[in-house]
Structures are given as C-alpha cells and as structure tokens.
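Novice: Here it is: the structure, laid out below.
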Amino acid sequence: FGFASMLVKILTDYGPKATVVVWDAGSSGRKEVYSEYKAQRSSRPDLLREQWPHLEPLVDAFGYRNLKVDGYEADDVIASIAEQAKTQDPPIAVMVVTGDRDAYQLVDDQVSIMTTSRGITDTRVYDREGVIDRYGIPPELVPDFIGLKGDTSDNIPGVPGIGDKTAADLLQRFGSLETVLDSIDEISGAKRKQNLTEHSEDARLSKHLATAKRDIPLNGLDVAEFVSEPPDRSRLRDVFREFELRDPLRRLEEALGSAEAAAPAPVTERALFARPREGTLTDVARIVADAEVALAIRTPDTPEGALFGDNQQWRFGVYADSTEELVIGQCARPEELVAAVAARPVIAHDAKSLGQVPSHLVHDTEVAAYLLEPARRAYPFRELCEERGLATDVEDGAGADARLMQALAAWQREEVRGRGLTDLLMEVELPIVRILREMEQAGVKLNTEGLHAISERVKTEADELERQIFELAGVQFTLGSPRQLEEVLFGKLGLSRKRRGKTGYSTDARVLQAIRSEHEIIPRIERWRELTKLAQTYLDALPLLVDPGSRLHTTFNQTAATTGRLSSNNPNLQNIPIRTPLGREIRACIIAEPGHLLVSADYSQVELRLLAHIASENVLKEIFGRGEDVHTATACRVFGVEPEQIDPAMRSKSKMINYGIVYGLSAYG
4 FGFASMLVKI
14 LTDYGPKATV
24 VVWDAGSSGR
34 KEVYSEYKAQ
44 RSSRPDLLRE
54 QWPHLEPLVD
64 AFGYRNLKVD
74 GYEADDVIAS
84 IAEQAKTQDP
94 PIAVMVVTGD
104 RDAYQLVDDQ
114 VSIMTTSRGI
124 TDTRVYDREG
134 VIDRYGIPPE
144 LVPDFIGLKG
154 DTSDNIPGVP
164 GIGDKTAADL
174 LQRFGSLETV
184 LDSIDEISGA
194 KRKQNLTEHS
204 EDARLSKHLA
214 TAKRDIPLNG
224 LDVAEFVSEP
234 PDRSRLRDVF
244 REFELRDPLR
254 RLEEALGSAE
264 AAAPAPVTER
274 ALFARPREGT
284 LTDVARIVAD
294 AEVALAIRTP
304 DTPEGALFGD
314 NQQWRFGVYA
324 DSTEELVIGQ
334 CARPEELVAA
344 VAARPVIAHD
354 AKSLGQVPSH
364 LVHDTEVAAY
374 LLEPARRAYP
384 FRELCEERGL
394 ATDVEDGAGA
404 DARLMQALAA
414 WQREEVRGRG
424 LTDLLMEVEL
434 PIVRILREME
444 QAGVKLNTEG
454 LHAISERVKT
464 EADELERQIF
474 ELAGVQFTLG
484 SPRQLEEVLF
494 GKLGLSRKRR
504 GKTGYSTDAR
514 VLQAIRSEHE
524 IIPRIERWRE
534 LTKLAQTYLD
544 ALPLLVDPGS
554 RLHTTFNQTA
564 ATTGRLSSNN
574 PNLQNIPIRT
584 PLGREIRACI
594 IAEPGHLLVS
604 ADYSQVELRL
614 LAHIASENVL
624 KEIFGRGEDV
634 HTATACRVFG
644 VEPEQIDPAM
654 RSKSKMINYG
664 IVYGLSAYG
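Residue numbers (the working numbering): 4 to 672.
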C-alpha cells in the first residue's frame, strides 16, 4: 500500500516524468570495511516478503524503470544517477524520493529530496536551504554529521553521547569532522572530550560509511536519453484491485482521468445501449418466463424519483440480457416489482433492500463484490461499475442501473469462478440473504417494561453519582461537556494532563483510566459515563423503536466484516455489552414469545480447530482431543501457572493471542 501510494503521488504531483526505481543489490563494499554495517536489521516480515515479488512489476506498469547494479546499494546508484544528470548540457534537474536522511548530502542546485513526514502521502521537498533549516548544516556536511552522531538505522556507530544538536553545533563551529577531531582541546565537557578522543577512528569510519559513492557503473543507463513509458492503465487497475488498494486506485484514476484509465468492460455493447421502453409491472410480467433479469430500483427520495409521480412512487428498471428487453417504470412498493418478476432468475444489488428477496435470486452484485473484496468498507453500486469502466458515460437512472448490473454481474461471475468462490456464493451467501431478510421482518420481542425498570434504577444511580462528583469537584458543571470536565480535572483539581487534542487536553476513557488512582472523582465519572451511555443508547432508545407488537426490527449487514461475521444497525443490537452485569440485564430484555425459546448456539473455537488441522499443530490437536479449553491452556503456558490459577483477565489475554494469530497477528503487529 505504501509503495503504491508513493508511486501514485509522484505521478499525481509531477506527471509522467522520467523515473527510475533503484533496488539494493549489495553493500558497495561497506560490509568489508565494517562487518557490523546494517547487522541489526532483521529479515523482512512474512507479509512484506510475500508482496516483494510484485513490486518491480508494479514499477513496470507505471512506465518507470527498475534498476539494480550488482554489488552496490541503491543509495550509491541514486547518487551516481544524480551526478551523471548534473554533467549533462544543460544539467538535468533530479528529485530523489527517499526516507534515508544520509541522502541529504546529494542536495544542491540541481538535486532536491522528497521525503515523507506523517504518512505516505504527506511529503516535504528539501532544497539546500531546507536541509540547513532542518539540521543546521549544509548538505555537503551530512557525512560529517553522521560521522559524529552515527545512524542507528544502518548501525553506523558515530561517537557515543553525541546527538543531532551537538553534532550540528560542532560542525557549525569547526566546519568539518576532521577539524572537530583536531580541535578536541577546545571543546567543553570532559566526557565529550574523552568520547571524541577514544572514538575518533569510529567517527572517521562512520563518515566513510555514510558518504555516497557517485561514480559507480550504471549498467548502460544514459540519463540524457532516459524517458518513461506511458503507464499501463489496464495492468495498474488490475494490480490495484488484486491487492484491494482502493484509495490509491481512486487517486490514480483521478491523475490519469477515470475514463482513460478504465479497462474495457468484458461485456457486449448491446448491454449498455439497449433501448428502454416505459412500461408497467404488467410489461415486466410479460418478459420471457425463463429469462434472467437484472432488477434495479430507485427510492422515491432520489432526484429521479422526484421527477415521476408524487414522490410516493419507486422508479424501477428490469433488463433481460438474453432478449435485450429493458422495461422502466414505477411502482408503489418494491415488493410489487419482486412479485412481477415471479420465478425468473434475478440479479440484484443488495437484494434485501427490495423488501422481499426474489424467489430465484441467482446473483447479488453487492454480495459478490464482498466476496471478491472483503476488506472494503462499502460497496456502492455505481462505484463498483465505475471501477470496471462501466458507468463513465451512461445516463443516470434505474434503467441504466439494470443494464449496468447485468454487465457487472457478468464480470463478477468470471472472477468468482476464477477464485473458486462459486460454491460459497451460491450455497452459502445467497441463501443467507433470504434468511436475514426474514429475520429482519420477524424482529425480536422486547421486554419494554423490564427496560423501563432498569432505566429508572440507572437514572437514580447516575443522579447520585453526579451529586457526588459535584461535591468532590467543589463546583457544579455540565458533566457531559469534555471542555468543562477538562477545566475541573486539570485546572481546578490539578490532575495529570496526559494527551492534548486540537481543542484542549483529552478526557477520554484512556486518559481517565491512566489517572484513576489520582483522585476518587475519576471512578465516579467513569461509572456515570457508562450508565448515561447505556441509558441513551439502549434503555431509553430501544422502546421507541418497537412495532405495535413490541418487536424490534434491526438490519443485518452481510457485507460489513472482513472476517465473514454479521453486524447489525438501526439499532445495533450486537453492541449491547455482554461482560458487564448491566449489559447482561439489558440483553435479558430481548425475549421469546410465550411458548417459545431463544436458542444461543456457536461454533466451539472453529478458527482454532481449522488452524490445528491446516497447520498440523500437534499441541492444539492434543488440547482439543482432550476436550480442554484452548484459551485456558494457552494462558497456562503464557503465565506459567496451573489451570486453577487462571482468572478471567488472563484467559481473555490468551484468547486475544490465539485469535490474533489466526487473523494475521505477528511479531510486527
């Protein structure tokens, strides 16, 4: 992601310039001079190692050149390119994009440095004055600077006890490393003198290691003749989609122009240019009985809906690819359209939103997009089409949506088949669409009287906490105001300030936890916040959302979690706390109808069982074979205690470790 983002930024900010990406292919003899050079660096993380083979082809797709020179570091190759560029007539200006600060030694009238600040795309360009402003020394003294202070990233030793400021001060005073070493008697501080005397050769070695070589062979590269090829737009889009680099892809298409960057859609033109006819639900019912139809609908509150009818009508489009029929019209409710298509094979986008899931749903473009890109935040239909080059110049409306849906589905089916996901889509995900819609329609019974009783009790406790907080603070204030709370805690009571934000010092949960032991007011504030949040979010809000039968209807999201789990919203019932007594009381107010039961069922640590099987992990197999709790067993190993000594907090931490490994946790985070 970072590498692709930087390449996109270069293209966006500077256009298609002659660009070369240089790779390390040796140490330029530095390891022979100093065996500990870069010795502290660990091997690449597994995730980075897996991505590494794709980086050079990505550079090719941008139209840039990859360059390695056997035996030499990339820094020296870059320095030699910059040196060659300066000797041209006229000289060629060079910008070096790097995160290594030893490259600042290259800066002059013809060479500038772009480096990242906060985040990949937050960059700064340094010229000579910029280097002086940052380090207090000119670029040509950067090797001397590193000679004095060292460079931990390359394991260059420098002189102990000398940091950036001291190194800059010494060079400003004496002008060079050699002059500093010749003038030790004039330098203040006994320890500093001792270190400079004892480590003078380390300083000279460090300067040598930090000095860029500017005369290495460049494998025939002639800077004067070098030009970049045009970006391979189709290839770039495919690579970015493969690795789910959506934000870089968006910025890339903005740079190249979305229409130009779009790959040709793998569909016939007739799918996008069928002639629509205004019709009715009766016309929909007359479409060939076994024809697969793409079904799109626009809500009454869209601009298109406002143009037709009385804002109570829904605009629809139904497209049959096999017969090239496209019917557009309006209906009072989406369910009427579903009834009109009857048992025909249906393609839809978010079929649940139709109110009634078609009886023969054969493809859902939202669900398919989720299977292809599970880490994506959302799956807007037109956005998906635009990414495939399908919606760049067609009209807006339900009719266009229906035609585009057929085209998008055709591409998705090929992708799903190619990735071996067809069975998952057809046998698991699509049937779940119908089940979830039925669950939403059925809703759950809510014990509103029970919630009201809890709410009254919570209000009483919160009022008492508020009284105690005001008494401890010695002043009344708006407890829900972070600004006023900040003034009380850090101004009036003088508690420790931990983190400053844009508008003042933070009083969030992490800060309160950190200063909990400083004053008895803090636990009361934390409890008050817990109670008021539960009251506002659940105790007072949920009873207002029930239907006349006291049933609560949430929306289940099938395409929200990368792990494949469901989520819910409007309201979010899954966020009701389960680990606190009050949260469990609220959950207990979701009840079954008389004569029925609510059954809770869950797989028993299914991910870890799969891990044990796939990895042939014998320890896990033995734990499961003995019927033991795997999290307790892990806790025993982590904390070195017996099972009976494991408390809930220790088990919870071990559970995080176990599941973290399954979902990508590593030594690097």
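Every residue gets a Cβ at the ideal spot worked out from N, C-alpha and C, and that includes glycine.
Exposed or buried, what is THR271 when buried is set at 16 or more other beta-carbons lying within 10 Å of its beta-carbon?
Specialist: Annotation note: pLDDT 35 at THR271 (below 50); position unreliable, coordinate value reported separately. Exposed, since its Cβ has fewer than 16 Cβ neighbours within 10 Å.
Novice: Which whole runs of the beta strand (DSSP E) in the segment 39–116 are 3 residues long or more, in chain order?
Specialist: 68–70, 97–100
Novice: What ranges does the beta strand (DSSP E) occupy inside the segment 472–541, keeping only unbroken runs of at least 3 residues that lie completely in it?
Specialist: none
Novice: Could you tell me the boundaries of the alpha helix (DSSP H) in which VAL226 lies?
Specialist: Here VAL226 belongs to no alpha helix (DSSP H), and DSSP marks it neither H nor E.
Novice: Have a look at GLU386 and GLN175 and give me their C-alpha separation to the nearest angstrom.
Specialist: 56 Å
Novice: Which residue wins for smallest C-alpha separation from ASP173, given the options ASP154, PRO160, TYR138?
Specialist: Before going on, a small fix: residue 173 reads as Leu here, not Asp. Of the candidates ASP154, PRO160, TYR138, the one whose C-alpha sits nearest the C-alpha of LEU173 is TYR138.
Novice: Do LEU212 and TYR75 have their C-beta atoms within less than 8 Å of each other?
Specialist: no
Novice: Determine, using beta-carbon pairs with one atom in the segment 420–438 and one in the segment 504–524, whether at least three such pairs fall under 8 Å.
Specialist: no
Novice: When the Cα of GLY358 is compared with those of ALA372, ALA371, ALA342, HIS366, which residue comes out closest?
Specialist: ALA342
Novice: Are there 16 or more other CB atoms within 10 angstroms of the CB of ASN198, so buried, or fewer, so exposed?
Specialist: buried
Novice: Quick one: using the 10 Å Cβ neighbour count with 16 as the cut-off for buried, is THR481 buried or exposed?
Specialist: exposed
Novice: With a CB to CB cut of under 7 Å and the five nearest residues on each side skipped, what residues in its chain are close to THR425?
Specialist: VAL419
Novice: Near ASP293, which residues of its chain fall below 8 Å by C-beta distance, leaving aside the five closest residues on each side in sequence?
Specialist: ARG347, PRO348
Novice: Is it buried or exposed for PRO269, if we count other Cβ within 10 angstroms and need 16 for buried?
Specialist: Unreliable positioning characterises PRO269 in this predicted model, as indicated by a pLDDT of 40, which lies under 50. The coordinate reading is nonetheless provided below. The residue is exposed, with fewer than 16 neighbouring Cβ atoms inside 10 Å.
Novice: Please work out which residues of its chain come closer than 7 Å, Cβ to Cβ, to ASN158, disregarding the five sequence neighbours upstream and downstream, and give them in chain order.
Specialist: GLU39, TYR40, LYS41, ALA42, GLN43
Novice: What does DSSP give as the partner residue(s) for TRP317 in the beta ladder?
Specialist: CYS334
Novice: Does LEU275 come out as helix, strand or coil in the three-state DSSP assignment?
Specialist: For LEU275, the predicted model reports a pLDDT of 43, less than 50, meaning its position is unreliable; a value from the coordinates is still stated below. Note: LEU275 maps to helix in three-state DSSP.
Novice: CA-CA distance, VAL436 and GLU443?
Specialist: So the alpha carbons of these two residues sit roughly 11 Å apart.
Novice: Determine the closest residue to ARG318 out of ARG527, ARG582, ALA299, THR326, with distance taken between C-alpha atoms.
Specialist: If we check each option's Cα against that of ARG318, ALA299 comes out closest.
Novice: Note down the Cα distance separating HIS366 from ARG301, rounded to an integer number of angstroms.
Specialist: Counting only the Cα atoms, ARG301 lies some 19 Å from HIS366.
Novice: Could you check whether ARG236 and LEU259 sit closer than 8 Å to each other, using their CB atoms as the reference points?
Specialist: yes
Novice: Ignoring anything shorter than 3 residues or poking outside the segment 236–262, list the beta strand (DSSP E) runs there in chain order.
Specialist: none
Novice: Output the residue ranges of the beta strand (DSSP E) runs that lie fully inside the segment 397–482 and measure 3 residues or longer, sorted by chain position.
Specialist: 447–449
Novice: What residue range does the beta strand (DSSP E) around THR558 cover?
Specialist: Annotation for THR558: the continuous beta strand (DSSP E) segment containing it runs 558–560.
Novice: Going by DSSP in three states, HIS352 sits in which element: helix, strand or coil?
Specialist: coil
Novice: For VAL360, which residues of its own chain have a beta-carbon under 7 Å away from its beta-carbon, when the five flanking residues on both sides are left out?
Specialist: ALA354, VAL436, ARG437, ARG440
Novice: Assign THR200 to one of three DSSP states: helix, strand, or coil.
Specialist: helix
Novice: Measuring straight from C-alpha to C-alpha, what distance separates LEU10 and THR562?
Specialist: 31 Å
Novice: How is VAL25 classed by DSSP in three states: helix, strand or coil?
Specialist: strand
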